[in-house]
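Protein chains in written order, with the numbering used here: chain A, 373 to 633; chain B, 514 to 993. Here is the structure we will look at.
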Amino acid sequence: MTDPLLEIRDLHASVDGTEILHGLSLTINAGEVHAIMGTNGSGKSTLTKVIAGHPDYEVTGGDVLFKGRSILQDEPEQRACAGIFLAFQYPVEVPGVSNLYFLRSALNAQRKSRGEAELSGAEFLALVKEKAKLVDIDQGLLNRSVNEGFSGGEKKRNEIFQLAMLAPTLAILDETDSGLDIDALKTVAHGVNSLRSPERAFLLVTHYQRLLNYIEPDFVHVLLDGRVVKSGGKQLALELEDKGYAWIEEEAAGSGSISVA
Amino acid sequence: MPDTNESIQALAQQEYKHGWVSHVDADQLPPGLHEDIVRAISAKKHEPEWLTEWRLRAYRHWLTMREPEWQKPKYPKIDYQGIIYYSAPKKKPEVSSLDEVDPELLETFEKLGISLDEQKRLSGVAVDAVFDSVSVKTTFREELSKQGIIFCSFSEAVTDHPELVKKYLGSVVPYTDNYFATLNSAVFSDGSFCYIPPGVRCPMELSTYFRINSAGTGQFERTLLIADEGAYVSYLEGCTAPQRDENQLHAAVVELVALKGAHIKYSTVQNWYPGDKDGKGGVYNFVTKRGMANENAKISWTQVETGSAITWKYPSCVLKGDNSVGEFYSVALTRDRQMADTGTKMIHIGKNTRSTIVSKGISAGHADQTYRGLVKIMKGATGARNYSVCDSLLIGGTCGAHTTPYIESANPTAVVEHEASTSKISDDQIFFLRQRGLSEEDAVSMIVNGFCKDVLSELPMEFAVEAQKLLGVKLEGAVG
Ligand SMILES: Nc1ncnc2c1ncn2[C@@H]1O[C@H](COP(=O)(O)OP(=O)(O)O)[C@@H](O)[C@H]1O
Ligand SMILES: [Mg+2]
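Here it is as structure tokens:
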């Protein structure tokens, strides 16, 4: 048996002294697509940032293993170079820095850390052309400053473009679907689907079931108050859509964590 | 290209040897400042009577002046009687290989991507000239002189083109201008001179770098650039490599004269030694730079200031002619104990004169910086326009940034716009870039370079790339 790609064991994490994650466990194998659902404030974004190593979040208990090795001591850039990618819920702007210049620097930094040669200008541009087509991103956006003046949808598309360019082994998408119209949602889904592979896993954080119509998850987990309280197959997402979150809250209040999977 | 520079440098050193041996008895005057010293400097340089008199007038005026205290950076009192005002350019202590050079310096060179040969030149390692250095020098000068362009040291200009020097010296920065400019006028050692004839577009970027005789003249440098009617010149001053210097006080004067329809673009990258972490030993850079724009002329100042313990500098434009244009693009980066008080003055005299000011200040550590700008619209400057934007970026919580824009308008038709902002690098920006694989230092450097883009893009291409790297190197260890 090979190690799971990502293994989260009884994770406790706080921000500014307040514990947000209260013992969260989750295992993701290569090739799988997992969806995390949950109400606002349940800790979804916190989880993604803790995995990626945001310095504001302090891990107070448990462990996060990537390919069998604890990454909690690793810097964010080391985790990125190891193959963890986070598409942000609220992508930031970096004024004056061209999207392509930034991406080339990032890609080459990652390649360098893996002992690979840096891409030449021509190789890089060829890759840009291919991936831009995949996520149907406007060429004009590529030469503009990172996310500066982008619409909400353009920012999200740009995140997926970066995902395609950097080709991570674990891609975490934090509410990439929110704020997208149906056409944009389809393109994003198409991009993600074509990036699915036996070596790569996805962790999709979403508030709505909608995205899961286009990207079919292998597993769905419900996050409540910093814990996974229910896991299941894709039908769980439909059930949530139908019945809302209240029944899960009641169940969780009654019996603690439930696992169906 | 590095080979070319080395050859020129080698030649320059040779010339000094010859020059000084034949004309000069002692290569150094005793410390102190009085009329005899001023006369002696002039005599040693074989200057004509009028120039000696000009220096003396400046000296006498200087005696009546008081050292300014209004600028923000405070510094220990300078002992003007303790300074040696004339000294034949000293040869840098020469070493035979890079192994003998300060490893810290070499590391910085490497980070800046400076070639090995160039490293040797900058750190004073003896370099054999590969080319026939005489022919290199000749080709360069010949190409320029074919078009009537004069580009030489100030001293050479005094000898070879006295009529031009006499006509324009002090025409933009009079010897009475300010304490340090006046001191410079009395005791200036050498500098650059450049004249572009009417209608000529100078075919290459002129750089102090190429200029022969540049070594050892840093302290009281004097530069005079004249673009005759319809001429164009782009001039580069400075070097991105760290420049150490034994002189603490630098009081240079730069005068630009843009005649009718001429365009002068003057770019500076200043990376003088800033001193140690506590600011000890750094250079005080008190410079007066000013350009005079005649009708339809344009003067653009672009500067990247990263060095010196104290920088005190206001490249300015006197927009005398109708429709003349002044531009000022500035990046100032201060860290540790560095202090910078910099900005510009745009004096609108002619009708429909326009000026643009883009100032980007970055402070880290305990550094402190002030933008001080004056936009002055004179009574006759009907239709004058100014647009200013001053942005400050703070890294960490212990540094300071101050913006002091002065606007004086005596003409109601003038339009003056000023925008200012202060921002901090956000943790989320840094985290975003690190999440994509960049180190924290690279992330900060990228954000800072983005912040400065509007200024860096004004620099000639190669210089811009170097300046970008320089900002990255200067920021190392400044974060966190
Ligand atoms: N910097 C912070 N300081 C204090 N509380 C925070 C901070 N950031 C997030 N939280 C709290 O943590 C909880 C989880 O937030 P988040 O992970 O963003 O939830 P979700 O993404 O599921 O909507 C919320 O109650 C939120 O208010
Ligand atoms: Mg969230």
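All residues carry an ideal CB built from backbone N, CA and C; glycine is no exception. Please read these numbers as outputs of a predicted model, since none were measured by experiment.
Requested in this report: Using three-state DSSP, classify Tyr-827 (chain B) as helix, strand or coil.
Outcome: coil
Query raised in the report: Roughly how far, in whole angstroms, is the beta-carbon of Ala-571 (chain B) from the beta-carbon of Thr-695 (chain B), given that I think they are within contact range, below 8 angstroms?
Result: 5 angstroms
Report task. Leaving out five residues on either side along the sequence, give the residues of the same chain with a beta carbon under 8 angstroms from the beta carbon of Lys-558 (chain A). Result -> Excluding the 5 residues flanking it on each side, Lys-558 (chain A) has same chain C-beta neighbours closer than 8 angstroms at Tyr-586, in chain order.
Query - Identity of the residue in A:Glu-547, A:Glu-404, A:Val-600 nearest Ser-397 (chain A) by Cα - result: A:Val-600
Query raised in the report: Quick one: is Pro-448 (chain A) buried, meaning 16 or more other Cβ sit within 10 Å of its Cβ, or exposed?
Result: buried
Query raised in the report: Going along the chain, which unbroken runs of the alpha helix (DSSP H) with 4 or more residues stay wholly within the region 422–460 of chain A?
Result: 448–454
**Report entry** Coil, strand or helix - Val-796 (chain B) by DSSP
**Finding:** coil
Requested in this report: Measuring from each Cβ to the nearest heavy atom of ligand 1, keep the ones under 6 angstroms and list them in chain order.
Outcome: Spelled out in chain order, the answer is A:Val-387, A:Asp-388, A:Thr-390, A:Ile-392, A:Gly-410, A:Asn-412, A:Gly-413, A:Ser-414, A:Gly-415, A:Lys-416, A:Ser-417, A:Thr-418.
Query raised in the report: Going by DSSP, which residues form a beta bridge with Ser-934 (chain B)?
Result: B:Asp-904
Query raised in the report: How would you call Arg-441 (chain A), buried or exposed, if buried means at least 16 neighbouring beta carbons within 10 angstroms?
Result: exposed
Query raised in the report: Which bits of chain B does Leu-517 (chain A) rub up against, with CB to CB less than 9 angstroms?
Result: According to the sequence displayed, residue 517 (chain A) carries Ser and not Leu. Within 9 angstroms Cβ-Cβ: Gly-963, Lys-966.
Query raised in the report: Relative to the C-alpha of Thr-689 (chain B), which residue among B:Ile-550, B:Leu-542, B:Ser-958, B:Arg-579 is closest?
Result: B:Arg-579
Query raised in the report: Closest Cβ-Cβ distance between Phe-522 (chain A) and chain B: below 8 angstroms?
Result: no
Query raised in the report: So with Cβ pairs under 8 angstroms, would you call Phe-944 (chain B) a contact of chain A?
Result: yes
Requested in this report: Name, please, each residue of chain A whose Cβ falls closer than 9 angstroms to the Cβ of Ser-939 (chain B).
Outcome: Val-464
Query raised in the report: Which residues share a DSSP beta bridge with Met-805 (chain B)?
Result: DSSP, once it has assigned bridges, lists B:Val-770, B:Val-831 as partnering Met-805 (chain B).
**Report entry** Phe-474 (chain A): contacting residues in chain B (beta-carbon distance under 8 angstroms)
**Finding:** Leu-946, Arg-949, Met-959
Report task. Excluding the 5 residues preceding and the 5 following Glu-526 (chain A) in the sequence, name in chain order all residues of the same chain whose CB lies nearer than 7 angstroms to its CB. Result -> Leu-513
Query raised in the report: Would you call the region 701–708 of chain B and the region 732–748 of chain B touching, i.e. three or more CB-CB distances under 8 angstroms?
Result: yes
Query raised in the report: Identify the residues that DSSP records as bridge partners of Ile-591 (chain B): which are they?
Result: DSSP, once it has assigned bridges, lists no residue as partnering Ile-591 (chain B).
Query raised in the report: CB Pro-463 (chain A) to CB Asn-519 (chain A), shorter than 8 angstroms?
Result: yes
Report task. Measure the Cβ-Cβ separation of Thr-857 (chain B) and Pro-828 (chain B) and say whether it is below 8 angstroms. Result -> yes
Query - Whether Ala-771 (chain B) touches Gly-804 (chain B) by CB criterion (8 angstroms) - result: yes
Query raised in the report: At a CB-CB cut-off below 8 angstroms, which residues of chain B make contact with Cys-469 (chain A)?
Result: As written in the sequence, residue 469 (chain A) is Val, which differs from the Cys given in the question. The answer, in chain order, is Met-959, Ile-960, Asn-962, Gly-963, Lys-966.
Report task. Would you check whether ligand 2 has a heavy atom nearer than 7 angstroms to the C-beta of Asp-330 (chain A)? Result -> Any property of residue 330 (chain A) remains undetermined from this structure, which presents chain A solely from 373 to 633.
Query raised in the report: With DSSP run on the structure shown, which of helix, strand or coil describes Thr-895 (chain B)?
Result: coil
**Report entry** Leu-858 (chain B): first and last residue of the uninterrupted alpha helix (DSSP H) it sits in
**Finding:** Here residue 858 (chain B) turns out to be Lys, not Leu, going by the sequence shown. That residue, Lys-858 (chain B), is in no alpha helix (DSSP H); its beta strand (DSSP E) goes 852–861.
**Report entry** CB of His-915 (chain B) within 8 angstroms of CB of Lys-889 (chain B), strictly
**Finding:** no
Query raised in the report: Does the region 473–480 of chain A come close enough to the region 405–419 of chain A that 3 or more CB-CB pairs lie under 8 angstroms?
Result: no
Query raised in the report: Going straight from the alpha carbon of Ile-380 (chain A) to that of Leu-393 (chain A), what length do you get?
Result: 12 angstroms
Query raised in the report: Quick one: is His-477 (chain A) near chain B, going by C-beta distance under 8 angstroms?
Result: Note that residue 477 (chain A) is Ser in the sequence shown, not His. So yes, Ser-477 (chain A) belongs to the interface.
Query raised in the report: Taking the C-alpha atoms as reference points, what is the distance between Lys-864 (chain B) and Ile-739 (chain B)?
Result: 23 angstroms
Query raised in the report: Are the beta-carbon atoms of Ala-624 (chain A) and Leu-595 (chain A) separated by less than 8 angstroms?
Result: no
Report task. Alpha carbon to alpha carbon, how far is Asp-510 (chain A) from Ala-504 (chain A)? Give it in angstroms, no decimals. Result -> 8 angstroms
Query raised in the report: Secondary structure at Ile-620 (chain A), three-state DSSP: helix, strand or coil?
Result: helix
Query raised in the report: Under a Cβ-count criterion, where at least 16 other Cβ atoms within 10 Å of its own Cβ denotes burial, should Ile-554 (chain A) be classed as buried or exposed?
Result: exposed
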